[in-house]
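Number 547 in numbering that gives the first Met the number 0 belongs to position 548 of the sequence shown; there are no gaps in the numbering.
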Amino acid sequence: MKNQKFRWIWCNPFAGVFLLWVFFFLSFAWFRMDGEVTVSYLSAMGMAGGTVYWWAKRKERIRRVPKEKQKALLYMLAAVVYAGIMMYVFFHVQSNPAIHSRNEMVPFFFLTGAWMGYCIGVTVRKKWCERRILFAIIVFSSILQLFFTMVAKFNLTQCDMGNFFTTGDGHAGYIEYLYNNHLIPAQFDPREKWQYYHPPLNHIIQAVLLKMQTLCGVDLKVAVKNVQYPTMLYTMLSTVCAYKIFRELKLRKLPLVLATAVMAFTPAFRYVGILINNDMLSVLFVLLCILFTIRWYRNPTVKNILKIAVCFGLGALSKLSAVLIAPPIAVVFIDVLIRRLRNREYQAFGGLMGQMGAFLAVAAPLSLYWSLRNYFRFGVPLGYVPLSHVDEQYIPQPALQRIFDFNFEMFRNPYLNHLEYYNDFNDYNPLVTFIKSSATEYGTIRFILGEWAGHVCFWPTLVLALVSFGLMVYVLVKKNSMPVIGKVFWGLTYLVYLVSYEHFCIQYPYVCTEHVRYALPLIVTGAFFIGKGIEQLSRRKSRLSRVLTYGTGGTVLVFSLGCIVVSIAYGVIFTIGMMWV
0 MKNQKFRWIW CNPFAGVFLL WVFFFLSFAW FRMDGEVTVS YLSAMGMAGG
50 TVYWWAKRKE RIRRVPKEKQ KALLYMLAAV VYAGIMMYVF FHVQSNPAIH
100 SRNEMVPFFF LTGAWMGYCI GVTVRKKWCE RRILFAIIVF SSILQLFFTM
150 VAKFNLTQCD MGNFFTTGDG HAGYIEYLYN NHLIPAQFDP REKWQYYHPP
200 LNHIIQAVLL KMQTLCGVDL KVAVKNVQYP TMLYTMLSTV CAYKIFRELK
250 LRKLPLVLAT AVMAFTPAFR YVGILINNDM LSVLFVLLCI LFTIRWYRNP
300 TVKNILKIAV CFGLGALSKL SAVLIAPPIA VVFIDVLIRR LRNREYQAFG
350 GLMGQMGAFL AVAAPLSLYW SLRNYFRFGV PLGYVPLSHV DEQYIPQPAL
400 QRIFDFNFEM FRNPYLNHLE YYNDFNDYNP LVTFIKSSAT EYGTIRFILG
450 EWAGHVCFWP TLVLALVSFG LMVYVLVKKN SMPVIGKVFW GLTYLVYLVS
500 YEHFCIQYPY VCTEHVRYAL PLIVTGAFFI GKGIEQLSRR KSRLSRVLTY
550 GTGGTVLVFS LGCIVVSIAY GVIFTIGMMW V
């Protein structure tokens, strides 16, 4: 990047994505409110005033700036003006009573137009490189997530949501309780209220968002419409976190682009990213644990291990399943300790033991707080999960059949076979249901787009899942493909989440427990092995390796384009339909 002023965006993409989310929230959450909100005008005035100040300060020195940088400054100004026009048009359209708070296509087309303008500009200037491609992938993935969030209203396509302003049950009731009680968790047995057994971090964050809005004059009944925005942020940050993990593991060029594209355009994250529950926040902390574990392994400092501890503790404080990442992390810790002993570095070994103590001192209280609090105060069993009996979702097949039976009847329908949706049976194999719910969720898009959309998403996802599994076996078996500790870490991560998912599905034999949201880290693991496998294949010069490389790349391309087309088509048709309701 020639423009040094914005190199920090590449060095810290988390900050860049967070600023993009802030822009989304100020523009499309508060600007869509019923009535005039002071903060909306203040944010617009701040952007306009900042632009004028920046331009005035630069104007006197503009002639001394090289022509290349003058172009960059003009591009920046054009982008800000474009954003201002977009917000003006969006706000104007939303003020039309006929389509108020329904026309989500306006910001999507404006943002997509800006993104396409960037891509065309880079193409014309022949400036495409690895980082610009990745930038385009991550930004467009964020735009798609915004579009999906705006289309799927806060009270639609949710899991265990409940409702605001009613009985206080479900995730919505949990958030409302925290909002009304100054963010203090329930002072009663959490089993008395549906979904209150979950750790409170995610719900506290959403309650804080509600507080911020109401303090700015937004009516609470309007503010609750934006409870999906924190989850959208977690999804955007998870994509960036996966990209950073892949870079830390030395993936570059095509392998890095393919792995990031799989992560960015997998429909599973689109679906889970619109839920208001705690799944996506826990996944984000799991990915951060992986990222900081890799960094600690290369540079075992107190700072790095405390980052792991904080993320591990906050992950468990979001959802208890985040502790599943503990075994892979423990293996890395043990490997580093053994290497110090083998090299007779006893002083360094003592320092590492001190770091382990610091890790436990931070991680243990955070991760155990909620479970121990409920156990000692209310007698709630450790690891408590409520069992709901829903006849239409019950799966009667025995465990061995569910694990090993891949009946073709389950593949005939690209959507989930579900008795609640007029099917003849419930899909009973957890892996098949995992792929189906990853590609088509519970079949929501079937009612909007029909059968073709399911096939477009499901079959490329299935092929990609098989390819990633094959490449994982190839990488783990091949000598010198990666360090042994790397193979153990990623292989164990895959095994832990797969076995935990299968066990959970067998223990609670219902369709809802087979959802992809219970094992999302498996997708990240699969994306990594796709990138790593392509990296290893590209080093071989045989015809077979070239065929496999191009075939995998083509599969990822078809998968990404298919998922993008279906997501856009779903949003557009759903929005048009809502305009006539």
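Virtual Cβ for every residue (Gly too), placed ideally from N, Cα, C.
L248 sits close to I293, with the two beta carbons spaced by under 8 Å. Ranking T432, A452 and M352 by CA distance to the CA of I567 puts A452 first.
In the three-state scheme derived from DSSP, where H, G and I count as helix and E and B as strand, Y427 is classed as coil.
Judged by DSSP in its simplified three-state form, Y500 adopts helix. Here the alpha carbons of V564 and L461 stand approximately 18 Å from one another.
When the beta-carbon positions are compared, I273 and I324 stay at least 8 Å from each other. Under a 10 Å Cβ-count criterion, C456 is classified as buried, with 16 or more other Cβ atoms of the shown protein chains found around its own Cβ. Distance from the CA atom of F348 to the CA atom of L280, rounded to whole angstroms, is 34 Å. A Cβ-Cβ distance of about 6 Å is found for the pair L336 and L351, placing them in contact under the 8 Å criterion. L556 is positioned such that its CB atom lies no closer than 8 Å to that of T548. The closest CA to that of G490, considering only E501, N179, Q506 and L521, is found on L521. Residue pairing by DSSP puts Y509 in a beta bridge opposite Y393.
G172 and R130 have their C-alpha atoms roughly 43 Å apart. Taking N179 as reference, the option from Q194, P380 and A206 with the minimal CA-CA separation is A206.
In this structure, V474 lies away from G382, with their beta-carbon atoms at least 8 Å apart. In the DSSP assignment, K302 falls within the alpha helix (DSSP H) that extends over V301 to S317. For the pair C562 and S366, the Cα-to-Cα distance works out to about 36 Å.
Excluding the 5 residues flanking it on each side, T166 has same chain C-beta neighbours closer than 8 Å at G172, in chain order.
Going by DSSP, R401 is part of the alpha helix (DSSP H) stretching over A398 to F403. If the five residues before and after R516 are omitted, its C-beta is found closer than 7 Å to the C-beta atoms of V271 and D278, all from its own chain and listed in chain order. Within the same chain, V16, W20, S141 and Q144 come within 7 Å of M235 by CB-CB distance, once the 5 residues on both sides are set aside. Inclusion of I174 and V221 in the CB contact set at 8 Å is not warranted, their separation being larger than that value. Fully contained in the stretch 134-194 are the following alpha helix (DSSP H) runs of length 4 or more, in chain order: 169-179. Remark: fewer than three beta-carbon pairs, one from each stretch, lie closer than 8 Å, so the stretch 206-216 and the stretch 255-271 are not flagged as touching. Within its own chain, the residues whose Cβ lies closer than 6 Å to the Cβ of A438, once the five positions on either side in sequence are excluded, are P266, C456, F457 and T460, listed in chain order.
Under the three-state reduction of DSSP, C128 is assigned to coil, being neither helix nor strand. Straight-line spacing of the CA atoms in G116 and L448 works out to 29 Å. F377 and D188 do touch by the CB rule: their CB atoms are close to 4 Å apart, below 8 Å.
Where Q212 is concerned, the enclosing alpha helix (DSSP H) starts and stops at L200 to L214.
In the structure shown, the three-state DSSP call for Q227 is coil. By alpha-carbon distance to G570, the top candidate from A151, G553 and L182 is A151. Judged by DSSP secondary structure, R411 falls within the alpha helix (DSSP H) whose first and last residues are E408 to R411. Cβ neighbours of V384 within its own chain (closer than 8 Å, five residues either side excluded): Y196 and Y507. Rounded to whole angstroms, L463 and F268 show a C-alpha spacing of 16 Å. Proximity of the stretch 393-405 to the stretch 421-431 meets the contact definition, three or more beta-carbon pairs being nearer than 8 Å. In the structure shown, Y549 falls within a helical segment according to DSSP collapsed to helix, strand and coil.
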